Amino acid sequence: MKKTCDVEISNQNNRLKVISEQKIQVSSKIEEYHYKVTSAPEIHVELSRISLPPLEDKPFIKLHIACNVLGIVGMWKPDAGFQRALHGDWAYEFQTNISHSAPTLCFFDSQDKNCFTISVSELSRDVRFTTGVHEETAEIYTDIIIYLTDLSLPYHFCCRIDRRPLRFDQVLQETSAWWNSLLQETPMPVPEDATFPMYSTWYSYHQELDEQKLLHECQIASKMGMRSIIIDDGWQTLDNHRGYGFCGDWTNEPSKFSDFRKFVDEVHNLGMKCLLWYSVPFVGEFSNKWEILKNFCLHYDSSLQAGVLDPRYPQVREYLISVYKEALLAWDLDGFKLDFIDSFRDYEDTQAPGKGMDYSEISQAVHRLMIDIRCALTQIKQNLMIEFRQNYIGPQIRRYGNIFRVADCPLSGITNRVGITDLKLLSGSCAIHSDMLLWHEQEAPEDVAIQIINCIFSTIQVSVKLDSLTRQQRQVLEHYLSFSIKYKDTLLKGDFTARSPLGLYPVLLSATENTKICAVYEENYCIDFSNNYNIRELWILNGTHSNVHYVILPDKALYSVIQRDCTGKIISEINIKTSNKQILTFPSHPGGSLCFVRQSIS
Numbered sequence: 000m001k002k003t004c005d006v007e008i009s010n011q012n013n014r015l016k017v018i019s020e021q022k023i024q025v026s027s028k029i030e031e032y033h034y035k036v037t038s039a040p041e042i043h044v045e046l047s048r049i050s051l052p053p054l055e056d057k058p059f060i061k062l063h064i065a066c067n068v069l070g071i072v073g074m075w076k077p078d079a080g081f082q083r084a085l086h087g088d089w090a091y092e093f094q095t096n097i098s099h100s101a102p103t104l105c106f107f108d109s110q111d112k113n114c115f116t117i118s119v120s121e122l123s124r125d126v127r128f129t130t131g132v133h134e135e136t137a138e139i140y141t142d143i144i145i146y147l148t149d150l151s152l153p154y155h156f157c158c159r160i161d162r163r164p165l166r167f168d169q170v171l172q173e174t175s176a177w178w179n180s181l182l183q184e185t186p187m188p189v190p191e192d193a194t195f196p197m198y199s200t201w202y203s204y205h206q207e208l209d210e211q212k213l214l215h216e217c218q219i220a221s222k223m224g225m226r227s228i229i230i231d232d233g234w235q236t237l238d239n240h241r242g243y244g245f246c247g248d249w250t251n252e253p254s255k256f257s258d259f260r261k262f263v264d265e266v267h268n269l270g271m272k273c274l275l276w277y278s279v280p281f282v283g284e285f286s287n288k289w290e291i292l293k294n295f296c297l298h299y300d301s302s303l304q305a306g307v308l309d310p311r312y313p314q315v316r317e318y319l320i321s322v323y324k325e326a327l328l329a330w331d332l333d334g335f336k337l338d339f340i341d342s343f344r345d346y347e348d349t350q351a352p353g354k355g356m357d358y359s360e361i362s363q364a365v366h367r368l369m370i371d372i373r374c375a376l377t378q379i380k381q382n383l384m385i386e387f388r389q390n391y392i393g394p395q396i397r398r399y400g401n402i403f404r405v406a407d408c409p410l411s412g413i414t415n416r417v418g419i420t421d422l423k424l425l426s427g428s429c430a431i432h433s434d435m436l437l438w439h440e441q442e443a444p445e446d447v448a449i450q451i452i453n454c455i456f457s458t459i460q461v462s463v464k465l466d467s468l469t470r471q472q473r474q475v476l477e478h479y480l481s482f483s484i485k486y487k488d489t490l491l492k493g494d495f496t497a498r499s500p501l502g503l504y505p506v507l508l509s510a511t512e513n514t515k516i517c518a519v520y521e522e523n524y525c526i527d528f529s530n531n532y533n534i535r536e537l538w539i540l541n542g543t544h545s546n547v548h549y550v551i552l553p554d555k556a557l558y559s560v561i562q563r564d565c566t567g568k569i570i571s572e573i574n575i576k577t578s579n580k581q582i583l584t585f586p587s588h589p590g591g592s593l594c595f596v597r598q599s600i601s
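Counting with numbering that gives the first Met the number 0, you get residues 0 to 601 for the letters of the sequence shown.
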């Protein structure tokens, strides 16, 4: 493979360029600059270590990487969404930082194997990627710029290039492990409660919350297996217009919750946990805190009627930590949904570092704030749950929370599926949650089931009014919540395989020693279980409206085949003996399942 790597470090006074193939050429006024490449040829992983001394005048590092387009059909990045196709190198760029996405880019072939994965060790500062096909040479060009702002201390970073022809999902999981090895703090432990289904108030109630109605929801939800309720926006304000002008005081609105501690106690009495929503950066202009904090903001947003607090000020961090600490102590909460931390960023009207600030870089201040929040709260309650939403899901964020949730995608099963899968590939042990499920009150039970199947490899969040469900809708929800709990270890912690990223994952699989679960989202797909001799239970979940599945089972085995409809009702049960690894055809109910239970192998 042809490979070049240009490294350029620039500021107002100095410019340095390194062109690295087999020889390294260096010319610069910066004598302390060091560049080193370490390579393991047998596994095709290269690590470039770059160091430079303190610099001024907003320095940046620029890397240029070119590789041949041999077999590459698509590219993956953490927040790609539906966009995985190749583009010209003039058309595609994205940016990462401490609270947005993660700095990696994976090019893959038609067999879902890695061709070329680029990752950098800068997990806090702004990193800009520009990538695509260079038309003149049919190569992939990737430019990476790391903005260093005020660099008062020596700086070191690594660029990791992985060319191993392994499955792309395995390479991404190993990239996550590499990042994990670079960071001082450990990921936040995940309590067991974070892996059980949860009820959320957002889609079902929005800001129009009522404590008695929510307690009624909890009564139903707890019987369905949900372990927690997330009280979303609205608990703190009488205003129900979705704005943020009243954020900042963070006291419960008495007309909605007359006694919040009593409400939480009643939730606990039902066997459920309670998590509470906060918009971390926003202080509203109608709050009592506005006059105190309005001069400590990164930015004012007139459309939100709120300012974005500046964490570089120690009093801002102290205020935010005190808000969550006091709420935890006063109300005996079990967790927090901390929203909008990606709003902590540089704006056109953001002040330069100045008097009263103890950090010059916003990313450093965000890290200090979030680590201090974790430490302060877990000293009070060790098994605390903290949720963050896509796309603030990078390696650093795992140190601040233990739940990553898919970004808002109401009614879109495919968006949920893609978001869940992308999160699972980079998030290690973090609990991955679906965006909240909702559906129209007249929705067909099969379509309810298909939406749930799209989320089955995550912890499911539900946001519908449970006492308004039809009988069949309720049966579907009860069935799949029960299934997700019974097979939780396989679904959430098993050996996870994501197929066809370019096709938005039409088949997903996860396996443990005795169980393998396959969810199919594309009709006429043949599921090959022929090598799964030692697995006792093989499941196919039908995420389509097809009435048939094509399956290859292990040879010379006796299976009990159980067909269920979308409510979990058994439609048929037969015994079969396999031979010659034939493609077998089985009837299947839309939104239903097939289970193959091995009886014996001769």
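Ideal Cβ positions, reconstructed from N, Cα and C, are used throughout, including at glycine. A quick note: this is a predicted structure, and the numbers were derived from the prediction, not measured.
key: Proximity to Asn453 [Cα-Cα], best of Ser426, Leu540, Ile526   = Ranking the options by Cα distance to Asn453, first place goes to Leu540.
Rounded straight-line distance, which links the Cα of Ile570 to that of Leu104 = Leu104 and Ile570 have their alpha carbons spaced roughly 45 Å apart.
key: 8 Å contact criterion, which Phe343 and Ser98 should meet: CB distance rounded   = The Cβ separation is near 6 Å, so the contact holds.
key: Nearest neighbour of Leu332, chosen from Val263, Val126, Ile320 [CA to CA]   = That would be Val263, whose Cα lies nearest to the Cα of Leu332.
task = Could you please give the first and the last residue of the uninterrupted alpha helix (DSSP H) stretch that includes Phe482?
result = Unbroken alpha helix (DSSP H) run through Phe482: 470-485.
message = For a quick check, are the C-beta atoms of Leu462 and Met435 less than 8 Å apart?
response = Per the sequence presented here, residue 462 reads as Ser, with Leu not at that position. Yes, they are a contact pair.
task = Report the residue ranges of all alpha helix (DSSP H) runs contained in full by the region 215-268; include only those spanning at least 4 residues, in chain order.
result = Whole alpha helix (DSSP H) segments, 4+ residues: 259-268.
ask   = How about Phe167 and Asn113: are their beta carbons less than 8 Å apart?
value = Yes, the Cβ-Cβ distance between Phe167 and Asn113 is below 8 Å.
query = Since Glu207 and Asn239 are thought to touch, with beta carbons under 8 Å apart, how far apart are those beta carbons, to the nearest angstrom?
reply = About 5 Å separates the two Cβ atoms, so the contact holds.
key: Host alpha helix (DSSP H) of Gln110 (start-end)   = Unbroken run through Gln110: none, as it is neither H nor E.
key: Secondary structure of Pro444, DSSP reduced to three states   = If DSSP states are grouped into helix, strand and coil, Pro444 belongs with the helices.
query = What are the start and end residues of the beta strand (DSSP E) that includes His133?
reply = Going by DSSP, His133 is part of the beta strand (DSSP E) stretching over 126-133.
request  = Can you say whether Cys273 is buried or exposed, counting buried as having 16 or more other CB atoms within 10 angstroms of its CB?
outcome  = Buried.
request  = Quick one: which unbroken beta strand (DSSP E) runs of 3-plus residues sit fully inside the region 311-392? Chain order, please.
outcome  = Taken in chain order, the whole beta strand (DSSP E) runs of length 3 or more contained in the region 311-392 are 334-338, 384-388.
task = Assign Asn81 to buried or exposed, taking buried as 16 or more other Cβ atoms, counted over all protein chains shown, within 10 Å of its Cβ.
result = Residue identity check: residue 81 is Phe in the sequence provided, not Asn. The residue in question, Phe81, is exposed, as its Cβ has fewer than 16 Cβ neighbours within 10 Å.
query = Do you know offhand how far Leu465's Cα is from Leu269's?
reply = Approximately 16 Å, taken between the alpha carbons.
task = Taking only the alpha-carbon atoms, compute the straight-line gap between Pro589 and Trp276 and give it to the nearest angstrom.
result = Taking the CA atoms as reference points, Pro589 sits about 36 Å from Trp276.
message = For His548, count the other beta carbons within 10 Å of its own beta carbon; 16 or more makes it buried, fewer makes it exposed. Which is it?
response = So His548 ends up on the buried side.
request  = Whole angstroms is fine: what's the gap from Pro505's alpha carbon to Ser254's?
outcome  = So the alpha carbons of these two residues sit roughly 47 Å apart.
task = Give the single residue among Ser227, His298, Ile379 whose Cα lies nearest to the Cα of Ser321.
result = Nearest of Ser227, His298, Ile379 to Ser321, Cα basis: Ile379.
task = Would you mind working out which of Tyr486, Phe495, Glu440, Ile455 sits nearest Arg473, comparing C-alpha positions?
result = Of Tyr486, Phe495, Glu440, Ile455, the smallest CA-CA separation from Arg473 is found for Glu440.
inquiry  = Taking a contact to mean a Cβ-Cβ separation below 8 Å, would you say Cys517 touches Ile551 in this structure?
reply    = Contact: no.
inquiry  = Could you tell me the alpha carbon to alpha carbon distance between Gln471 and Arg416, rounded to whole angstroms?
reply    = Take the alpha-carbon of Gln471 and the one of Arg416: they are about 23 Å apart.
request  = Reducing DSSP to helix, strand and coil, say where Tyr532 ends up.
outcome  = When secondary structure is reduced to three states using DSSP, Tyr532 falls in the coil class, being assigned neither helix nor strand.
request  = Output the boundary residues of the alpha helix (DSSP H) element that contains Gln94.
outcome  = Run containing Gln94: none in the alpha helix (DSSP H); it sits in the beta strand (DSSP E), 92-95.
ask   = Are there 16 or more other CB atoms within 10 angstroms of the CB of Ser509, so buried, or fewer, so exposed?
value = Under a 10 Å Cβ-count criterion, Ser509 is classified as buried, with 16 or more other Cβ atoms of the shown protein chains found around its own Cβ.
ask   = Hey, quick one: how far does the alpha helix (DSSP H) through Val417 stretch, first residue to last?
value = In this chain, the alpha helix (DSSP H) harbouring Val417 covers 412-425.
ask   = In angstroms, rounded to a whole number, what distance separates the CA positions of Cys217 and Arg260?
value = Near 16 Å, if we compare the C-alpha coordinates of Arg260 and Cys217.
ask   = Less than 8 Å separating the beta-carbons of Ala305 and Glu290?
value = Not in contact: Ala305 and Glu290 (Cβ atoms no closer than 8 Å).
message = Measuring CB atoms only, is the region 479-486 touching the region 150-162, in the sense that at least three cross pairs come out at less than 8 Å?
response = At 8 Å Cβ cutoff, the stretches do not touch.
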